[in-house]
Amino acid sequence: MKKIILIIISLFFLTGCKDYTELENLGIASSIFIEYDGEYKITTEIYKDKEMEIVHSSGSTISEAISNFNYKSKNGVYLSHLNAVIIDKQVEIKDTVYYFLRNPDVNTNFYLVITDNEDFYDKDENIGLKIKNICSRLKYKDFFQITKDYLNENIDIALPFLDKKLSMDEITIYKKDKLKDRLNSKNTLIYSLLTNKSSNETLKFTIDNRYVVLSVNQISKKIKIDKNIQIDINLEMTLEEKEVGINDNTIKDITYIEKNVNQYMNDYIKDFIEIIKENESDILGLDTLIYNKYKKIDTHFYEYDFDISTKVNINKKGQLLK
Amino acid sequence: MKKEYNILQYFNMRSLFIGIGISRILANAHELHPISVILGTLIGLLILKFIKIELKNNIVNTIISIIFLIYSFVIIVNLVSTMYLNHMMKFLLGIPIILLLMYILKCKEVLIYRISNIMIVIVVFFFFFCLFSLLPNVEFSNLMYTNVSFKDVIISAIEYALISTVPTFIIRYKQTSDIPIYKTYIASSITILQMMFVTYLILGPNLSELFRYPEYMVLKSINISGSLTNLENMLSLIWLIDAIMFIFCCGNTIKRQVNNKVVLNIILVFILIIASIISKYYQLILSVYLYIIPILIISLISLYLVNKKSSS
Numbered sequence: 001m002k003k004i005i006l007i008i009i010s011l012f013f014l015t016g017c018k019d020y021t022e023l024e025n026l027g028i029a030s031s032i033f034i035e036y037d038g039e040y041k042i043t044t045e046i047y048k049d050k051e052m053e054i055v056h057s058s059g060s061t062i063s064e065a066i067s068n069f070n071y072k073s074k075n076g077v078y079l080s081h082l083n084a085v086i087i088d089k090q091v092e093i094k095d096t097v098y099y100f101l102r103n104p105d106v107n108t109n110f111y112l113v114i115t116d117n118e119d120f121y122d123k124d125e126n127i128g129l130k131i132k133n134i135c136s137r138l139k140y141k142d143f144f145q146i147t148k149d150y151l152n153e154n155i156d157i158a159l160p161f162l163d164k165k166l167s168m169d170e171i172t173i174y175k176k177d178k179l180k181d182r183l184n185s186k187n188t189l190i191y192s193l194l195t196n197k198s199s200n201e202t203l204k205f206t207i208d209n210r211y212v213v214l215s216v217n218q219i220s221k222k223i224k225i226d227k228n229i230q231i232d233i234n235l236e237m238t239l240e241e242k243e244v245g246i247n248d249n250t251i252k253d254i255t256y257i258e259k260n261v262n263q264y265m266n267d268y269i270k271d272f273i274e275i276i277k278e279n280e281s282d283i284l285g286l287d288t289l290i291y292n293k294y295k296k297i298d299t300h301f302y303e304y305d306f307d308i309s310t311k312v313n314i315n316k317k318g319q320l321l322k
Numbered sequence: 001m002k003k004e005y006n007i008l009q010y011f012n013m014r015s016l017f018i019g020i021g022i023s024r025i026l027a028n029a030h031e032l033h034p035i036s037v038i039l040g041t042l043i044g045l046l047i048l049k050f051i052k053i054e055l056k057n058n059i060v061n062t063i064i065s066i067i068f069l070i071y072s073f074v075i076i077v078n079l080v081s082t083m084y085l086n087h088m089m090k091f092l093l094g095i096p097i098i099l100l101l102m103y104i105l106k107c108k109e110v111l112i113y114r115i116s117n118i119m120i121v122i123v124v125f126f127f128f129f130c131l132f133s134l135l136p137n138v139e140f141s142n143l144m145y146t147n148v149s150f151k152d153v154i155i156s157a158i159e160y161a162l163i164s165t166v167p168t169f170i171i172r173y174k175q176t177s178d179i180p181i182y183k184t185y186i187a188s189s190i191t192i193l194q195m196m197f198v199t200y201l202i203l204g205p206n207l208s209e210l211f212r213y214p215e216y217m218v219l220k221s222i223n224i225s226g227s228l229t230n231l232e233n234m235l236s237l238i239w240l241i242d243a244i245m246f247i248f249c250c251g252n253t254i255k256r257q258v259n260n261k262v263v264l265n266i267i268l269v270f271i272l273i274i275a276s277i278i279s280k281y282y283q284l285i286l287s288v289y290l291y292i293i294p295i296l297i298i299s300l301i302s303l304y305l306v307n308k309k310s311s312s
């Protein structure tokens with residue numbers, strides 16, 4: 001009898017029913033857009049049956065703004081399935097990082113994106129999921145990796161930029177907490193090549209006034225800190241497309257294309273390095289390498305000269321012989 | 001009996017690492033934590049070799065068991081409260097554990113050994129699953145130099161030795177005090193080191209000192225094939241089993257010492273109330289985490305002085 005009583009009592013306490021919320025009463029957020037102009041304005045994109053619900057709320061802090069959501073929507077906000085957090089340029093990156101890190105309900109796989117666009121939500125399209133899919137395909141860093149970089153004082157962060165066409169082919173670079181610059185799509189591509197182990201990026205080059213398009217299969221890079229910073233990059237590429245007039249039939253033709261592409265890549269990387277040096281934004285984590293080598297940082301990466309060496313190797317050219 | 005006892009001790013060796021051991025050692029020893037763990041294991045083996053005790057009927061043993069039980073209680077309740085049931089009253093979180101403990105203590109002692117025999121299979125499976133799912137995210141660049149002093153490495157080693165060995169003394173009864181547990185201790189150290197090393201290689205020095213449950217945070221970010229997520233729950237289950245097995249051991253020692261069902265139940269209710277009060281104030285929770293090492297040292301000395309095994 002005692003056992004039965006114990007089991008009955010346990011039933012009330014072991015089921016975890018205290019303060020439960022039914023699934024239909026949860027406002028499952030796909031993305032959150034945070035703006036700041038003296039106070040935080042939050043736009044939350046919530047999953048509904050067939051379309052998305054857009055809810056606006058505001059408050060003096062991010063958490064206050066998010067909890068004020070509950071006054072605007074019939075369902076309480078639930079952040080566990082967040083796909084993206086979009087911030088405008090005025091929002092402090094520090095506040096955003098620490099809020100989402102502290103909150104146990106939030107996963108850390110979502111993508112943190114910056115924008116200067118104010119009105120991009122559409123009830124018929126899941127913008128959060130779209131951002132997540134694009135960022136994941138382009139191998140941008142997710143919130144967990146961004147946080148790691150943010151907390152490392154020898155690395156600066158780079159966030160994808162969401163433009164008016166909802167495209168994310170550009171990134172914004174930071175120096176510590178300060179937003180410094182926006183890189184164009186070519187420099188964003190070079191950043192991706194320098195930070196990723198593999199890539200499917202496609203690049204267009206002009207050789208003898210005719211274009212040739214190559215994609216990157218494999219990247220290997222070595223960065224060596226000495227008197228100068230030496231960056232050696234090997235790129236394995238596939239010939240995707242070429243304008244009539246460029247020959248790729250003989251060994252000599254392929255070597256000619258490789259030589260030209262090599263020069264282009266060298267120049268692109270030099271331009272990219274110049275931009276990050278100018279902004280003193282260490283998005284490649286070069287100061288970490290300096291620190292690892294000398295156990296202190298007397299000279300930052302932007303005070304070094306760079307030696308760039310690229311080696312392009314075309315190893316595939318599709319199904320055509322000519 | 002020897003095998004069952006060793007399995008039970010495996011859980012005890014790992015029981016206090018949840019929220020305390022791993023985060024402390026990673027935060028203090030940074031990239032040199034493997035050295036701390038290896039040194040700590042050696043110190044731990046020495047403690048196990050030279051401190052021979054046989055629990056006698058003594059009020060000191062009861063008090064130490066109660067303190068350890070409160071510790072485990074606070075740790076479990078805070079883990080559940082932080083990670084899962086944020087809005088639930090902490091007192092209510094403790095009730096199922098106390099009810100379970102009361103039921104276990106009503107049964108014969110052998111039940112605890114049987115439970116540990118079953119749980120070890122689950123724990124080992126989940127441990128390796130967690131470990132292998134973490135491996136693809138490892139980055140060796142996280143082992144960067146962070147200017148850790150040798151003193152911090154030694155302190156972490158001593159902390160490791162104490163956190164992993166002192167809980168084992170709580171079930172050194174007359175019939176089990178001579179059973180060697182060195183192999184189990186080394187196995188438990190290897191599993192803890194593996195988990196710590198992988199966690200550090202994923203989080204790096206900055207994130208690993210930021211979180212109370214760093215290994216949990218790592219698993220939270222794991223996404224296998226875009227569909228298999230929330231692996232952190234497996235780890236939580238491992239920690240919960242470790243801590244609950246330790247709670248059973250402490251409860252069993254109290255039962256042996258008190259030898260009176262009514263008094264035992266009163267003590268358990270008292271423990272629930274004390275743990276709930278501690279869990280209510282964050283300052284008290286922090287004190288629990290902060291003073292674990294002095295408490296373990298005092299407990300170890302007291303246990304040794306009271307229960308010292310005569311060489312004859």
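Top line first, the protein sequences correspond to chains A and B. Letter by letter, the first sequence follows residues 1 to 322 in our numbering. Letter by letter, the second sequence follows residues 1 to 312 in our numbering. Every residue gets a Cβ at the ideal spot worked out from N, C-alpha and C, and that includes glycine. Here the structure is a predicted model, which means the values were calculated and not measured.
CB contact below 8 Å: residue i versus chain B
| i | result |
| --- | --- |
| Ile246 (chain A) | no |
| Lys295 (chain A) | yes |
| Pro104 (chain A) | yes |
| Asn249 (chain A) | no |
| Thr108 (chain A) | yes |
| Leu6 (chain A) | yes |
| Asn83 (chain A) | no |
| Asn200 (chain A) | no |
| Tyr71 (chain A) | no |
Boundaries (first-last residue) of the alpha helix (DSSP H) holding residue i
| i | result |
| --- | --- |
| Ser36 (chain B) | 33-50 |
| Val261 (chain A) | 251-279 |
| Lys255 (chain B) | 232-258 |
| Leu138 (chain A) | Segment: none, Leu138 (chain A) is in no alpha helix (DSSP H) and carries neither H nor E. |
| Gly376 (chain B) | Not covered by the structure: residue 376 (chain B). The range shown for chain B is 1 to 312. |
Identified DSSP bridge partners for residue i
| i | result |
| --- | --- |
| Ala275 (chain B) | Paired residues: none, contrary to the question. |
| Met52 (chain A) | A:Tyr47 |
| Leu284 (chain B) | BP columns for Leu284 (chain B) are empty, so no partner. |
| Ser313 (chain A) | Reading off the sequence shown, one finds Asn at residue 313 (chain A), where the question assumed Ser. Beta-bridge pairing links Asn313 (chain A) to A:Glu236. |
| Gln230 (chain A) | A:Lys224, A:Asp307 |
| Gly59 (chain A) | A:Tyr40 |
| Ala158 (chain A) | A:Ile173 |
| Glu34 (chain A) | Residue identity check: residue 34 (chain A) is Ile in the sequence provided, not Glu. DSSP, once it has assigned bridges, lists A:Ile42, A:Ile87 as partnering Ile34 (chain A). |
| Val212 (chain A) | A:Phe205, A:Lys242 |
| Ala29 (chain A) | A:Ile46 |
Top-ranked residue by Cα proximity to residue i, from the options
| i | options | result |
| --- | --- | --- |
| Tyr200 (chain B) | B:Ile18, B:Phe248, B:Phe11, B:Ala29 | B:Ala29 |
| Pro136 (chain B) | B:Leu286, B:Ile66, B:Val198 | B:Val198 |
| Lys141 (chain A) | A:Leu166, A:Ala84, A:Val91 | A:Ala84 |
| Leu8 (chain B) | B:Val121, B:Gly204, B:Phe150 | B:Val121 |
| Lys296 (chain A) | A:Asn154, A:Asn266, A:Gly128, A:Lys277 | A:Asn154 |
| Glu303 (chain A) | A:Leu286, A:Ile314, A:Lys293, A:Lys316 | A:Leu286 |
| Leu129 (chain A) | A:Thr115, A:Phe110, A:Asp116 | A:Phe110 |
| Ala27 (chain B) | B:Ile95, B:Phe73, B:Asp152, B:Val124 | B:Asp152 |
| Leu289 (chain A) | B:Glu109, B:Leu210, B:Ile76, B:Leu143 | B:Leu143 |
Alpha-carbon to alpha-carbon, residue j and residue i
| i | j | result |
| --- | --- | --- |
| Ser287 (chain B) | Tyr71 (chain B) | 11 Å |
| Val258 (chain B) | Leu264 (chain B) | 7 Å |
| Glu236 (chain A) | Asp163 (chain A) | 31 Å |
| Ala275 (chain B) | Ile67 (chain B) | 10 Å |
| Ile22 (chain B) | Lys3 (chain B) | 27 Å |
| Ile186 (chain B) | Asn6 (chain B) | 12 Å |
| Ile190 (chain A) | Asp282 (chain A) | 14 Å |
| Ser215 (chain A) | Leu183 (chain A) | 21 Å |
| Ser141 (chain B) | Lys72 (chain A) | 46 Å |
| Tyr291 (chain A) | Phe306 (chain A) | 17 Å |
| Lys94 (chain A) | Asp177 (chain A) | 7 Å |
| Ser164 (chain B) | Leu45 (chain B) | 10 Å |
| Lys3 (chain A) | Leu92 (chain B) | 20 Å |
| Ser36 (chain B) | Asp232 (chain A) | 37 Å |
| Phe127 (chain B) | Leu235 (chain B) | 7 Å |
C-beta neighbour in chain A for residue i, strict 8 Å
| i | result |
| --- | --- |
| Asn233 (chain B) | no |
| Gly44 (chain B) | no |
Run of the beta strand (DSSP E) containing residue i, from where it starts to where it stops
| i | result |
| --- | --- |
| Arg182 (chain A) | 178-183 |
| Asp88 (chain A) | 84-88 |
| Val121 (chain B) | No beta strand (DSSP E) holds Val121 (chain B); the alpha helix (DSSP H) holding it covers 110-134. |
Within chain D, partners of residue i - CB distance below 7 Å
| i | result |
| --- | --- |
| Asn86 (chain B) | Absent from the structure is chain D; the protein chains it does hold are A and B. |
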